[in-house]
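Peer 1: Here this note's numbering is used: the first residue of the sequence shown is 1, the next is one more, and so on. Would you mind keeping the following structure in view while I ask a few things?
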Amino acid sequence: MHNIDRTAASSYRERLSPSLWLLVSAAVCAPMAAVTFSPIDTTLALVVGLAVGVGLVSALILAAPVVSVSDGVLRVGRAHIPVDGLGEPEILAGEAARSARGGELRRDDWHLIRGGIDGVVRVPVTDDDDPTARWVFSSRTPERVAAMITRAQRGR
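In structure tokens form, the structure reads like this:
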């Protein structure tokens, strides 16, 4: 369910799409909408149900945030930061990732956490003028994100 761009050697892109269970749950709204309109007209009920199901699933996929590293910039969702202002990325999984998403998450951390995605990347911000201490974000392939951040830092 995640899209990774492997076409450009110097860039990385991953869509943090929703889990299959969330998409199935959204699709269940289609028959509920159809049942609501079935007393009026069965054809209308089918059209509305189909439109609701396709619309919700499409909206969830299209609204999913994107993690990318390209042209010396890390982008996570709508936020972006030059990789020159970042320290060494830390890859977290399992219990360490759960702690990073919970008790270890600090007030001055910038974060984008997605449920159903185990991997976490934590990157310290080295720019003294930036009030953010670290970026903490979910990734299905945290090793690749960290490698691309490190590669972009060395390439500049």
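Idealized CB from N, CA, C, for every residue including glycine. None of these values were measured; they are calculated from a predicted model.
Between the stretch 140-154 and the stretch 43-51, can you find at least three pairs of beta-carbon atoms closer than 8 angstroms?
Peer 2: Contact between the stretch 43-51 and the stretch 140-154 is absent, because fewer than three Cβ pairs lie under 8 angstroms.
Peer 1: Can you find the residues in the same chain that come closer than 6 angstroms, C-beta to C-beta, to Ser11, ignoring five residues on each side of it along the sequence?
Peer 2: Answer for Ser11: Ser70, listed in chain order.
Peer 1: On the premise that Ala152 lies in contact with Val83, defined as a C-beta separation below 8 angstroms, what is that separation, rounded to the nearest angstrom?
Peer 2: About 4 angstroms; that satisfies the 8 angstroms criterion.
Peer 1: Taking the continuous beta strand (DSSP E) assigned at Ile81, which residues delimit it?
Peer 2: Segment Ala79 to Pro82, the beta strand (DSSP E) holding Ile81.
Peer 1: Identify the residues that DSSP records as bridge partners of Leu92: which are they?
Peer 2: Answer is Val120, bridged to Leu92.
Peer 1: Rounded to a whole number of angstroms, what is the C-alpha to C-alpha distance between Arg114 and Gly103?
Peer 2: Going from the Cα of Arg114 to the Cα of Gly103 covers about 16 angstroms.
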